[in-house]
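Visitor:
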Amino acid sequence: MEISDVGRISCQELLGHINAGQPVTVIDTRTNSEYARAHIPGAVNICYDLSVPPMEREILLSAMPLD
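So for the sequence shown, our numbering puts the first residue at -3; every next one is plus one.
1) What are the residues that DSSP puts in a beta bridge with Asn41?
2) If distances are taken between C-alpha atoms only, which option among Val40, Leu46 and Glu52 comes closest to Val22?
3) In three-state DSSP terms, what is Pro49?
4) Under a three-way DSSP split, which group does His13 fall into?
5) Using only the alpha-carbon positions, how far apart do Pro19 and Gly38 sit?
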């Protein structure tokens, strides 16, 4: 999966999907500690750190739920 394959929407669009009862998967790419402080309920935390080698980032992307 390429990073360009991952859809991105605005906060307003996300809220609209949630309010409409549409299934969404929110990927929170912040650090684990940032996620622990506050996050959208049900969000999946996959820290996307540009300082790690590209292969590790690809492995992280492959772990993202696609359903």
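Idealized CB from N, CA, C, for every residue including glycine.
Guide: Concretely, from the data shown:
1) Counting from one through the sequence shown, the residue named residue 41 turns up at place 45. Answer is Asp24.
2) Looking up residue 22 in the sequence shown gives position 26. The candidate whose alpha carbon is nearest that of Val22 is Val40.
3) For the purposes of this step, residue 49 is taken as the residue at position 53 of the sequence shown. Three-state DSSP puts Pro49 in coil, outside helix and strand.
4) In the sequence shown, counting from the first residue as 1, residue 13 sits at position 17. It is helical.
5) Taking the sequence shown and counting its residues from 1, the one referred to as residue 19 is at position 23. Taking the sequence shown and counting its residues from 1, the one referred to as residue 38 is at position 42. Approximately 11 Å, taken between the alpha carbons.
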